[in-house]
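Peer 1:
Residue numbers (my numbering), protein chains in the order written: chain A, 337 to 451; chain B, 60 to 174.
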């Protein structure tokens with residue numbers, strides 16, 4: 337079985353400051369890793385994903401994440417945030433050999449960007 | 060092009076009523092997923108369809124929950140004899156492929172409130 341822990345339920349930050357949203361996972365099998373963003377009253381949108389290769393993954397809107405296998409982490413970072421980045425962010429994993437993309441999500445981190 | 064749509068967007072049901080939630084996936088998408096998102100939590104997997112075949116219903120919380128996708132496109136999630144604990148946002152997602160690495164496209168969700 338897999339599980340995902342997002343270590344911060346809320347992260348307040350000022351505009352143009354850097355931010356890191358933390359994600360740790362637990363799994364007995366190999367996993368793919370994903371970050372999704374959810375804006376108010378909208379569905380989830382894929383930010384980025386790690387499948388294989390380089391452990392630093394770049395996504396949309398200037399976000400990037402680094403896969404660390406030894407620490408079972410997949411933290412999301414952005415060097416300079418905007419007001420428009422205010423949203424809920426979800427880390428997710430699945431079982432590579434599961435046959436289909438059954439996502440296991442963390443509880444989410446609410447990013448609040450202040451002017 | 061059109062994304063995933065869900066209807067109704069909001070549903071209020073009295074305890075004991077039956078409800079039906081509809082999902083229109085992106086045209087041609089093979090995979091369709093239903094998730095349940097309780098307040099302040101991440102989405103939790105309910106069920107998975109590959110075309111018209113329901114391959115995984117392990118996440119359905121009770122036999123009051125039933126999902127179908129008879130022609131491999133539109134899907135309906137039905138909840139019989141609704142209970143207060145069924146109150147949540149129900150998310151539908153579709154994916155072009157059936158593998159484990161593909162992007163899932165989410166609809167805006169149906170917010171169900173059971174009174």
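We put the beta carbon where it would ideally sit given N, CA and C, even for glycine.
1) Can you pull the chain B residues whose beta carbon is under 9 Å from the beta carbon of residue 426(A), in chain order?
2) With a CB to CB cut of under 7 Å and the five nearest residues on each side skipped, what residues in its chain are close to residue 375(A)?
3) State the Cα-Cα distance for the pair residue 363(A) and residue 451(A), rounded to the nearest angstrom.
4) Am I right that residue 160(B) and residue 368(A) are in contact with their C-beta atoms under 8 Å? What's the rounded C-beta distance?
5) Closest by CA to residue 104(B), which one among 172(B), 126(B), 132(B), 73(B)?
6) For the candidate residues 130(B), 131(B), 149(B), whose alpha-carbon lies nearest to that of residue 138(B)?
7) From the beta carbon of residue 167(B), is the nearest beta carbon of chain A less than 7 Å away?
8) If you draw a straight line from the C-alpha of residue 151(B) to the C-alpha of residue 337(A), how long is it?
9) Determine whether the Cβ of residue 389(A) lies closer than 7 Å to any Cβ atom of chain B.
10) Thinking just about the alpha-carbon of each residue, which of 106(B), 141(B), 93(B), 118(B) is nearest to the one in residue 70(B)?
11) Return the residue from the list 421(A), 407(A), 402(A), 445(A) that minimises the CA-CA distance to residue 388(A).
12) From the beta carbon of residue 432(A), is the nearest beta carbon of chain B less than 7 Å away?
13) In whole angstroms, give me the CA-to-CA distance for residue 119(B) and residue 352(A).
Peer 2: According to the structure shown:
1) Within the first chain, numbered from 1, the residue matching residue 426(A) stands at position 90. The contacting residues are 101, 102.
2) Along the first chain, read from residue 1 onward, the residue named residue 375(A) stands at position 39. Answer for residue 375(A): 423, listed in chain order.
3) Numbered from its first residue, the first chain carries residue 363(A) at position 27. Numbered from its first residue, the first chain carries residue 451(A) at position 115. Distance between the alpha carbons of residue 363(A) and residue 451(A): 39 Å.
4) Your numbering for residue 160(B) matches position 101 in the second chain. Your numbering for residue 368(A) matches position 32 in the first chain. That belief holds up - the Cβ atoms of residue 160(B) and residue 368(A) are roughly 6 Å apart, short of 8 Å.
5) Here the question's residue 104(B) lines up with position 45 in the second chain. Taking only the C-alpha atoms, the option nearest residue 104(B) is 126(B).
6) The residue labelled residue 138(B) in the question sits at position 79 within the second chain. Residue 149(B) is the option with its Cα nearest to residue 138(B).
7) The residue labelled residue 167(B) in the question sits at position 108 within the second chain. Chain A contact via Cβ: present.
8) One-based indexing of the second chain puts residue 151(B) at position 92. One-based indexing of the first chain puts residue 337(A) at position 1. Rounded to whole angstroms, residue 151(B) to residue 337(A) spans 23 Å at the Cα level.
9) Locating residue 389(A) in the first chain gives position 53, counting from the first residue. For residue 389(A), the answer is no, since every Cβ of chain B falls outside 7 Å of its Cβ.
10) Along the second chain, read from residue 1 onward, the residue named residue 70(B) stands at position 11. Among 106(B), 141(B), 93(B), 118(B), the Cα nearest to that of residue 70(B) is on 141(B).
11) Residue mapping note: residue 388(A) aligns to position 52 of the first chain, counting from 1. Among 421(A), 407(A), 402(A), 445(A), the Cα nearest to that of residue 388(A) belongs to 402(A).
12) As a working note, residue 432(A) is residue 96 in the first chain. Yes, residue 432(A) counts as interfacial toward chain B.
13) By 1-based counting over the second chain, the position of residue 119(B) is 60. By 1-based counting over the first chain, the position of residue 352(A) is 16. Straight-line Cα distance between these residues: approximately 43 Å.
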